[in-house]
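Protein chains: 2
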Amino acid sequence: MNKNEHCSCASGTGTVPQEELIDVIVKSIHAVLQSEPRGGNSTPDSGLQSLRIPLGISNRHIHLTSKTFHQLFGDKTEFESMRPLYQPGEFASIHTLTVVGPKLRSIPGVRILGPLRNYDQVEVSLTDAVFLGIDPPVTNSGNLHDAAPLTLVGPNGSVYLEKCAIVANRHLHMTTNDAARLGVKEGEYCKVRIGGEKPTTFENVLVRTNDNWKIQIHLDTDDANAANVREETFVEFLGKMGKDT
Amino acid sequence: MNKNEHCSCASGTGTVPQEELIDVIVKSIHAVLQSEPRGGNSTPDSGLQSLRIPLGISNRHIHLTSKTFHQLFGDKTEFESMRPLYQPGEFASIHTLTVVGPKLRSIPGVRILGPLRNYDQVEVSLTDAVFLGIDPPVTNSGNLHDAAPLTLVGPNGSVYLEKCAIVANRHLHMTTNDAARLGVKEGEYCKVRIGGEKPTTFENVLVRTNDNWKIQIHLDTDDANAANVREETFVEFLGKMGKDT
């Protein structure tokens with residue numbers, strides 16, 4: 023609200039000309055509407071302008087414990103990096119497995135990402151899940167409470183994991199500093215948009231902060247294919263999810 | 023705006039009371055704001071409230087000419103319906119083909135939809151396209167100018183079609199009457215949203231009108247999987263695409 027919002031009664035008769043009054047009201051409404059982006063749910067600060075968010079497309083992949091890794095590859099096999107990933111310390115290993123679902127359909131060559139973790143997890147897209155015949159939950163990495171079963175087959179053996187498969191939810195890695203610039207916090211949800219031939223807005227994107235991370239959004243192959251992107255691109259940040267979305 | 027924001031100058035000569043004027047203006051603005059959803063780009067009429075739009079998920083499928091059908095299935099084979107589809111007159115046939123891409127990878131069991139048409143067309147998702155090793159355009163059904171090549175294999179022979187594969191664009195079938203209720207016209211583009219665990223807004227949805235059609239939106243399996251829907255659902259109509267979207 024600014025000074026133009028109330029009439030400046032100057033004369034002794036207590037009225038201002040109607041035209042002037044209308045003009046004041048119209049200007050006030052314009053000001054309010056301009057300050058609130060239509061369709062947005064938050065007002066990120068000006069840092070947003072300079073913060074480009076690269077897209078990382080997550081193909082299906084596996085995380086393993088050291089124990090499970092050695093069951094599948096043998097006690098003497100070392101877990102070895104093939105190439106570093108975008109986030110510092112993370113890497114694609116040289117090792118792949120065949121995953122087999124309850125319909126006995128299989129997907130070969132599913133890569134194990136490093137470093138090894140303290141849980142076994144297979145992240146798939148819904149397309150993969152339908153093919154494999156499983157019904158995994160959409161959830162955060164590491165939350166395996168309702169995860170679906172798969173069999174993993176390696177060169178030295180196989181394991182049946184009753185709760186390992188999830189569809190990882192959309193998430194946005196960033197530092198706490200980047201989060202402050204975008205007006206969001208760890209654990210909150212936001213919206214992003216990808217333009218192009220099949221423009222698509224993705225909601226429920228989980229904000230995850232860690233001061234070692236570079237800003238990057240992770241979408242799975244279904245999301246990326248829906249928006250018709252196959253290569254590196256940047257997403258448009260649309261703000262924090264509102265209470266009504 | 024509330025009453026505290028303006029002074030209540032009551033007297034005047036040749037004017038209506040300011041309170042009355044303000045009241046009229048405030049009511050007018052309320053009416054305008056309520057008719058235009060924030061974040062929407064158009065102003066659908068009240069028919070929108072009663073018009074539910076069911077989602078049809080388009081899996082990969084084939085349309086053939088009579089000539090190509092008989093090349094693949096033999097001269098004496100009749101083109102036969104297995105079950106009617108949602109749109110009047112359209113049906114899933116009993117016939118399927120194996121499609122083979124330039125990497126020689128194949129997808130078996132791709133169903134031919136009827137009735138037969140005056141062009142040969144294979145509609146795939148981007149997931150399928152990546153698997154097959156083709157780069158089809160996102161375009162309208164029937165626009166094969168830049169379509170990608172595939173080989174179709176049937177029980178009586180095979181054909182190589184140099185321009186047959188497309189990713190069908192998102193589209194919304196409806197009657198001209200429904201279109202009028204939604205404030206859109208044939209050939210225009212609109213936006214729809216699917217809620218749930220992976221809420222997603224789909225833009226560039228082409229409006230197609232035909233007075234024989236029942237209202238229904240067609241999204242491909244990538245779009246549906248991105249939004250985590252596998253079964254019948256309804257979409258939320260967000261209005262016509264604006265000039266800036």
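The listed protein sequences correspond, in order, to chains A and B.
Each residue of the first sequence is one higher than the one before, counting from 23 in the numbering used here.
Each residue of the second sequence is one higher than the one before, counting from 23 in the numbering used here.
All C-beta atoms, glycine included, are put in the ideal place defined by N, C-alpha and C.
All of these numbers come straight from a predicted model, not from anything done at the bench.
Determine the direct distance from the alpha carbon of residue j to that of residue i, and round the result to whole angstroms.
i: residue 208 of chain B; j: residue 197 of chain A; result: 46 Å
i: residue 274 of chain A; j: residue 151 of chain B; result: Not covered by the structure: residue 274 of chain A. The range shown for chain A is 23 to 267.
i: residue 261 of chain A; j: residue 174 of chain A; result: 39 Å
i: residue 257 of chain B; j: residue 244 of chain B; result: 16 Å
i: residue 121 of chain B; j: residue 166 of chain B; result: 17 Å
i: residue 100 of chain A; j: residue 82 of chain A; result: 22 Å
i: residue 263 of chain A; j: residue 246 of chain B; result: 21 Å
i: residue 147 of chain B; j: residue 98 of chain A; result: 43 Å
i: residue 194 of chain A; j: residue 230 of chain A; result: 6 Å
i: residue 144 of chain A; j: residue 177 of chain A; result: 18 Å
i: residue 238 of chain A; j: residue 141 of chain B; result: 44 Å
i: residue 255 of chain B; j: residue 241 of chain B; result: 12 Å
i: residue 269 of chain B; j: residue 190 of chain B; result: Residue numbering for chain B in the displayed model covers 23 to 267; residue 269 of chain B lies beyond these limits and cannot be assessed.
i: residue 161 of chain A; j: residue 80 of chain A; result: 14 Å
i: residue 95 of chain B; j: residue 214 of chain B; result: 40 Å
i: residue 259 of chain A; j: residue 75 of chain A; result: 8 Å
i: residue 253 of chain B; j: residue 91 of chain B; result: 31 Å
i: residue 220 of chain B; j: residue 251 of chain A; result: 18 Å
i: residue 129 of chain B; j: residue 154 of chain B; result: 8 Å
i: residue 290 of chain A; j: residue 133 of chain A; result: Residue 290 of chain A is absent from the model: chain A starts at 23 and stops at 267.
i: residue 56 of chain B; j: residue 228 of chain B; result: For residue 56 of chain B, the predicted model reports a pLDDT of 44, less than 50, meaning its position is unreliable; a value from the coordinates is still stated below. Approximately 26 Å between the Cα atoms of the pair.
i: residue 171 of chain A; j: residue 180 of chain A; result: 13 Å
i: residue 103 of chain B; j: residue 88 of chain A; result: 54 Å
i: residue 203 of chain B; j: residue 157 of chain A; result: 38 Å
i: residue 111 of chain A; j: residue 125 of chain B; result: 35 Å
i: residue 127 of chain A; j: residue 123 of chain B; result: 22 Å
i: residue 131 of chain B; j: residue 119 of chain B; result: 5 Å
i: residue 109 of chain A; j: residue 105 of chain B; result: 50 Å
i: residue 210 of chain A; j: residue 138 of chain A; result: 27 Å
i: residue 268 of chain A; j: residue 212 of chain B; result: Any property of residue 268 of chain A remains undetermined from this structure, which presents chain A solely from 23 to 267.
i: residue 86 of chain B; j: residue 85 of chain A; result: 45 Å
i: residue 149 of chain A; j: residue 135 of chain A; result: 21 Å
i: residue 249 of chain B; j: residue 222 of chain B; result: 6 Å
i: residue 192 of chain A; j: residue 93 of chain B; result: 46 Å
i: residue 113 of chain A; j: residue 201 of chain B; result: 51 Å
i: residue 218 of chain A; j: residue 107 of chain A; result: 26 Å
i: residue 236 of chain A; j: residue 116 of chain B; result: 52 Å
i: residue 169 of chain A; j: residue 199 of chain B; result: 46 Å
Which one or two residues does DSSP pair with residue i in a beta bridge?
i: residue 211 of chain B; result: B:228
i: residue 145 of chain A; result: A:83, A:188
i: residue 242 of chain B; result: B:80
i: residue 258 of chain B; result: B:215
i: residue 196 of chain A; result: A:231
i: residue 222 of chain A; result: A:216, B:224
i: residue 75 of chain A; result: A:257
If you measure from the CB of residue i, is any heavy atom of the ligand FMN nearer than 8 Å?
i: residue 174 of chain B; result: This structure simply doesn't include the ligand FMN, nor any ligand for that matter.
Below 7 Å between beta carbons is the criterion; list the residues of the stretch 210 to 225 of chain B that meet it against any residue of chain A, in chain order. 219, 220, 221, 222, 223, 224, 225
The stretch 163 to 192 of chain B: which residues have C-beta closer than 9 Å to a C-beta of chain A, in chain order? Going along the stretch 163 to 192 of chain B in chain order, one finds 189, 191, 192 with a Cβ nearer than 9 Å to chain A.
Is it a yes or a no for the stretch 220 to 235 of chain A touching the stretch 176 to 189 of chain A, going by three-plus beta-carbon pairs under 8 Å? no
Give me the subset of the stretch 121 to 149 of chain B whose CB atoms are less than 9 Å from a CB atom of chain A, sorted by chain position. 147, 148, 149
Let me know the beta strand (DSSP E) ranges lying completely inside the stretch 98 to 186 of chain A, each 3 residues or longer, listed in chain order. 103 to 106, 113 to 122, 128 to 136, 143 to 145, 170 to 176
Counting only Cβ-Cβ distances shorter than 9 Å, please list the residues of the stretch 223 to 244 of chain B near chain A, keeping chain order. Correct list: 223, 224, 225, 226, 241, 242, 243, 244.
Check distances from the C-beta atoms of the stretch 80 to 92 of chain B to those of chain A and list, in chain order, the residues that come in under 8 Å. Close to chain A, meaning a Cβ-Cβ distance shorter than 8 Å, is no residue of the stretch 80 to 92 of chain B at all.
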